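For reference, each letter of the sequence shown is one residue, going -8 to 181 in the numbering used here. Ideal Cβ positions, reconstructed from N, Cα and C, are used throughout, including at glycine. All values reported here derive from a predicted model rather than from experimental measurement. A short worksheet on the structure shown next.
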Amino acid sequence: MATPVGERRAAPARCRDAAARHAVVERAIALGVPRDYGRTRHLRLQREPVHLVPVGEDIHGRVQWLQPAAARALARMRDAAAHAGAELQLVSAFRSIDYQLGIIERKLARGQAIDAILRVSAAPGYSEHHTGRCVDFTTPGFAALEEEFERSPAFRWLRRHAAEFGFALSYPRGNAHAIAYEPWHWCWHA
Ligand SMILES: [Zn+2]
């Protein structure tokens, strides 16, 4: 059944304040996230944006959201890429701190070890997706969230042109955060 448009346009919930944010971080520590996670990974605790705007549907038909300036930059970049024959499809954009906790909980419930989970998923509070400035891309003919994205025309286009729109690759090979190489993850910094 199709979701009514009004419902889909409601922005995802965010933590009300710093206390709520820290409560989620503490729940993650209770699940096994090391208390010194941020310091040892050189990752900072992120804040969720006050304002979010829809940026279109992802490949699963879910409406995705970014903070307004990042959304404008993304729209310009996707237009330019399309013009050059590269299709930038969305896999994920804003994710709340609470949603990230749910990802960790689900993986633990499936029997994964916390160390293995934290190699591919940021601990709640530390994901760049919390900022509403980052996007995971895919493109037709390539599996989503797999390294093979780096062989796509879309990735080649991003390497050459993303900086013109304020976007940068956050997790190159051998990054200082001990996060697996993510050719699909781009963050707006302008
Ligand atoms: Zn990402």
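* Asked: So what does DSSP say about residue 161, is it helix, strand or coil?
  -> coil
* **Neighbourhood of residue 77 by C-beta, 6 angstroms cutoff - its chain only, sequence neighbours within 5 removed** => 144, 145, 148
* To do: Report yes or no: is there a C-beta of chain C within less than 7 angstroms of the C-beta of residue 169?
  => The structure shown contains no chain C, having only a single protein chain.
* **Close-in-space but distant-in-sequence residues of the same chain around residue 41 (CB under 7 angstroms, 5 per side omitted)** => none
* Which residue's Cα is closest to the Cα of residue 9: 37, 61, 167, 1? -> 37
* To do: Ignore the nearest five residues each way along the sequence and tell me which others in residue 108's own chain have a CB closer than 8 angstroms to its CB.
  => 95, 98, 99
* **Cutoff 6 angstroms; reference residue 123; Cβ partners in own chain excluding five residues on either side** => 40, 43, 57, 58, 85
* Asked: Considering only C-alpha positions, which residue in the set 62, 48, 93, 54 is nearest to residue 18?
  -> 93
* **residue 31: first and last residue of the uninterrupted alpha helix (DSSP H) it sits in** => 28 to 32
* Given that a residue counts as buried once 16 or more other Cβ atoms are within 10 Å of its Cβ, and exposed if not, what is residue 183? -> No answer is possible for residue 183: it lies beyond the span of the chain, which begins at -8 and ends at 181.
* Asked: Using the beta-carbon count (16 or more within 10 Å), is residue 164 buried or exposed?
  -> exposed
* Using CA coordinates, which residue listed in 127, 105, 142 is at the minimum distance from residue 133? -> 142
* To do: State the DSSP-derived secondary structure class of residue 76, mapped to helix, strand or coil.
  => coil
* Where does residue 91 sit, in a helix, a strand or coil, going by DSSP? -> helix
* Asked: Roughly how many angstroms separate the alpha carbons of residue 22 and residue 174, rounded to a whole number?
  -> 28 angstroms
* State the beta-bridge partners of residue 57 as determined by DSSP. => 44
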